[in-house]
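Numbered according to the numbering used here, the first sequence spans residues 1053 to 1697.
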Amino acid sequence: MPQITLPDGSKRDFDRPVSVAQIAESIGAGLANAALAGRVDGALVDTSHVIEKNAEVAIVTDRDAAGLEVIRHSCAHLMAQAVQRLFPKAQVTIGPVIADGFFYDFAFERAFTPEDLQAIEKKMEEIVKEDLVVERSVLSREDAIAMFQGMGETYKVEIIKSIPGEEALSFYRQGDFIDLCRGPHVPGTGKFKAFKLTSVAGAYWRGNSDNAMLQRVYGTAWASKADLKLYLERLEEAEKRDHRKLGKHLSLFHFQEEAPGMPFWHPKGWTIYQLLQDYMRKLQNANKYLEVHTPQLVDYSLWERSGHASKFANEMFSVESDNRMYAIKPMNCPCHIQVFNQGLKSYRDLPLRMAEFGSCHRYEPSGSMHGLMRVRSFVQDDGHIFCTEAQIQSEVAEFMALLFDVYHDFGFDDVILRLSTRPEKRVGSEELWDSAEQALKDALNATGKHWELVPGEGAFYGPKIEYSLKDCMGRVLQCGTIQLDFFTPGRLGASYIDEDSSRREPVMLHRAILGSFERFIGILIEHYAGAMPAWLAPEQAVILNITDNQAEYCSKLQESLKNKGFRVSADLRNEKIGFKIREHTLQKIPYLLVVGDKEVESGTVAVRKRGGEELGAMTFDDFCTHLSQDVARFGRGELSAEVND
RNA sequence: GCUCGCAUAGCUCAGGCGGUAGAGCACUUCAUUGGUAAUGAAGAGGUCUCCGGUUCGACUCCGGAUGUGAGCACCA
1053 MPQITLPDGS
1063 KRDFDRPVSV
1073 AQIAESIGAG
1083 LANAALAGRV
1093 DGALVDTSHV
1103 IEKNAEVAIV
1113 TDRDAAGLEV
1123 IRHSCAHLMA
1133 QAVQRLFPKA
1143 QVTIGPVIAD
1153 GFFYDFAFER
1163 AFTPEDLQAI
1173 EKKMEEIVKE
1183 DLVVERSVLS
1193 REDAIAMFQG
1203 MGETYKVEII
1213 KSIPGEEALS
1223 FYRQGDFIDL
1233 CRGPHVPGTG
1243 KFKAFKLTSV
1253 AGAYWRGNSD
1263 NAMLQRVYGT
1273 AWASKADLKL
1283 YLERLEEAEK
1293 RDHRKLGKHL
1303 SLFHFQEEAP
1313 GMPFWHPKGW
1323 TIYQLLQDYM
1333 RKLQNANKYL
1343 EVHTPQLVDY
1353 SLWERSGHAS
1363 KFANEMFSVE
1373 SDNRMYAIKP
1383 MNCPCHIQVF
1393 NQGLKSYRDL
1403 PLRMAEFGSC
1413 HRYEPSGSMH
1423 GLMRVRSFVQ
1433 DDGHIFCTEA
1443 QIQSEVAEFM
1453 ALLFDVYHDF
1463 GFDDVILRLS
1473 TRPEKRVGSE
1483 ELWDSAEQAL
1493 KDALNATGKH
1503 WELVPGEGAF
1513 YGPKIEYSLK
1523 DCMGRVLQCG
1533 TIQLDFFTPG
1543 RLGASYIDED
1553 SSRREPVMLH
1563 RAILGSFERF
1573 IGILIEHYAG
1583 AMPAWLAPEQ
1593 AVILNITDNQ
1603 AEYCSKLQES
1613 LKNKGFRVSA
1623 DLRNEKIGFK
1633 IREHTLQKIP
1643 YLLVVGDKEV
1653 ESGTVAVRKR
1663 GGEELGAMTF
1673 DDFCTHLSQD
1683 VARFGRGELS
1693 AEVND
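Quick look at the structure:
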């Protein structure tokens, strides 16, 4: 006789085993209708799940994050059913929930077209109208394999065979469609209120590029039409912020066929680039980094010695000249070790922090390139710390403090920390890995922030921490990293003399905060929607005259502001003021300084902020103070500007 | 690299049973000197990405290359 405890603490007694749906019914008809699943003692179950013992039960509806997941998961089944009705030859494989939606991979003789997508969506609507009951059942492995074999679903057979253990498997049937699935699922196909198929693309079976390519159909599903609309608007917003689009519109950079994946930086974009680099250089100097500069072209033998050639030969650009093979450096660390190796090093020299803004090239696969986010030529805020094992933890801690400061200056306060530990294939003793991983864990714990463990994802030469930030659209972007390396220094002959006069190999920490400047600028453009905060804006202010009468005053004003170190231009064209305001607003200039006869007479400027706010007339000195204060704020807490077309 | 799209003026994009193309903005010139998101008029501007094929004729159809987009795979 189960006693059910509801989330509000109230208890209900039933005189026989009771299903989640019946519990919902007992509370109210509205809730019974809204019920999508149940949570019994913390575990998600179907509404048909029968409870025999005392339990804590919550009814899951679409107002619950878990309910939305159930909808999306079930929507993947709905789509698979629609696909199989339209294309009986299509085989089903897997269909998981992803952020904001779901996908389902099908094996089919041809690619789906956008027209197919429309037809599938229409068929899905039909199945929703049919309001089929979704039934859970349990089959033994043998029966399940026999059933799917009979249906010609060879991929499903393979999936079942790969599931370890001997326990029975659960299946979900809705009308003519049945799928292997852990569940839970919505009780009926009438529960879907808002979904849309968004795209189709190829995807390898089991994520392995040696396998067949399947057809992956992406979709999104929401609790209501209004939520779906909000989501689609969010996609549109993201499209407007696309750094490739804004980069062209604001004339920051361009790409062209002759240099695929290698940006041509325009004056404005390069201004941002240099400002960022100056900013990092100052911080690094203040944090005892020693900046160096090493060759871009290095004899291939160095890459053979470092071990890169054997693993990354296909990803390195090489140059033959004078019967010698050179590689264009894909990274700076082997060169930094060459600098370290000059002169005998003592333990007193450690930790030695070396930094370089070195131009690197990598032959990235053509399909992986994406605007500034993934390029073939880039510069990192790269640094290598040579230290002893005992110094690892404090070096990592100091690095992290610097990293959080930097991110804060850009308004990124939500940082995701991930520790990747020893992979299967690795070098170094277990004790070394133990202490290295522990040092990283201690440093992470010392931050007091939440961090995730990613087992087995470390590099073969050492564990690493990766730092991802969340932009204003909620997208997660990996930028910073610190990697321990027990391998490369020894391989390239780095050593120091320890206290006891013995020769030892230093540990090397590879580290970056921004990652590559290219990618980071791409991220900033999208984060700020192109409206860079004053400290980074390529043009901080534009002076606009009303008529030719004020031209001379404007030119002098511009000169004075430039002398103060501000980036200011003057637009003295014979155009109406409204026209100029519009043009420079679209160029997202932080401050527009309007000068008419009134201002000339009073020796002021009329200041208009980006976004339209009028600050009124100001003297030259007042404006300088205002702009200086704005610059000093960096991008801390910067709100995303509205996007104009 | 793989699957499927896309490639037309500086930019954003139309277009055509296969008969060598159009708009808006930008640009140039002229008029206009105007107070906070588009002053008016005129003009100039294109090997329709490249290389083959089919055809009397290809920007349009077919094949390939390159670039690019969405995914997948990769990311020292």
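C-beta atoms are modelled at their ideal positions from N, C-alpha and C, and glycine is treated no differently.
Assuming residue i contacts residue j (C-beta within less than 8 Å), just tell me the rounded distance between them.
i	j	result
V1594	S1568	The Cβ separation is near 30 Å, so there is no contact.
A1255	F1154	In fact, because the Cβ distance is near 13 Å, the residues do not count as touching under 8 Å.
K1248	L1280	6 Å
A1132	D1231	6 Å
R1688	H1460	6 Å
T1533	A1564	6 Å
K1297	H1306	So it is not a contact: roughly 12 Å between Cβ atoms.
F1539	Y1580	The pair is not a contact, with the Cβ atoms about 40 Å apart (cut-off 8 Å).
K1614	D1623	Not a contact, Cβ separation roughly 15 Å.
P1216	A1089	That belief does not hold up - the Cβ atoms of P1216 and A1089 are roughly 26 Å apart, past 8 Å.
For residue i, does the count of other Cβ atoms within 10 angstroms reach 16, so buried, or fall short, so exposed?
i	result
E1489	buried
D1697	A caution first: D1697 carries a pLDDT of 41, below 50, which makes its placement in the model unreliable, though a value can still be read off. Exposed, by the Cβ-count rule.
E1205	buried
L1096	buried
N1626	exposed
Q1267	buried
R1405	buried
R1662	buried
V1269	buried
S1078	exposed
A1586	buried
S1100	buried
N1337	exposed
M1053	exposed
R1068	exposed
D1434	buried
G1545	exposed
Q1055	exposed
V1252	buried
Look up residue i in the DSSP assignment and give the residues it is bridged to.
i	result
M1584	Note: M1584 sits in no beta bridge, so no partner.
K1248	T1272
T1057	K1063, E1108
A1095	V1092
R1426	H1422
C1412	F1430
M1265	Y1256
D1623	L1596
W1503	L1469
C1439	V1559
H1101	In the DSSP output, where bridge partners are listed per residue, H1101 has none listed.
Q1226	V1186, F1229
Is residue i near the ligand FAD, in the sense that its beta carbon is under 7 Å from a heavy atom of that ligand?
i	result
A1564	In the structure on display, the ligand FAD does not appear, and there are no ligands present to speak of.
With a threshold of 6 Å on Cβ separation, who are the neighbours of residue i within its own chain once the five nearest residues in sequence on each side are excluded?
i	result
V1506	R1470, S1472
P1403	I1437, C1439, Q1443, E1447
Q1226	L1184, V1186, T1241
T1323	P1590
R1474	W1485, G1510
H1129	D1231
A1076	L1083, A1084, A1087, I1111
K1477	F1512
Which same chain residues end up closer than 7 Å to residue i when comparing Cβ atoms and leaving out the 5 residues on each side of it in sequence?
i	result
K1245	A1275, S1276, K1277
Q1639	L1302
L1529	S1520, L1521, D1523, I1575
S1411	Q1348, S1429, V1431
R1376	D1351
Y1378	L1349, V1350, D1351, Y1352, S1370, V1371
Q1329	F1409, F1569
Spatial neighbours of residue i within its chain, please: C-beta separation below 8 Å, excluding the five flanking residues on both sides.
i	result
S1362	E1356
V1647	I1595, L1596, N1597, I1598, Q1602, Y1605, C1606, L1609, V1657, A1658
I1212	R1193, A1196, I1197, F1200, L1221, L1232
V1122	L1088, A1089, L1096, V1112, P1236, H1237, V1238
(message) What ranges does the alpha helix (DSSP H) occupy inside the region 1148–1217, keeping only unbroken runs of at least 4 residues that lie completely in it?
(response) Complete alpha helix (DSSP H) runs here, min 4: 1166–1182, 1193–1203, 1206–1214.
(request) Would you list, in sequence order, the uninterrupted beta strand (DSSP E) runs of no fewer than 3 residues that lie entirely inside the region 1507–1546? (result) Those beta strand (DSSP E) runs which fall completely within the region 1507–1546 and span 3+ residues are 1516–1522, 1528–1537.
(request) Please list the segments of the alpha helix (DSSP H) lying wholly inside the region 1322–1406, counting only runs of 4 or more residues, in order along the chain. (result) The qualifying runs are 1352–1358, 1360–1364, 1385–1393.
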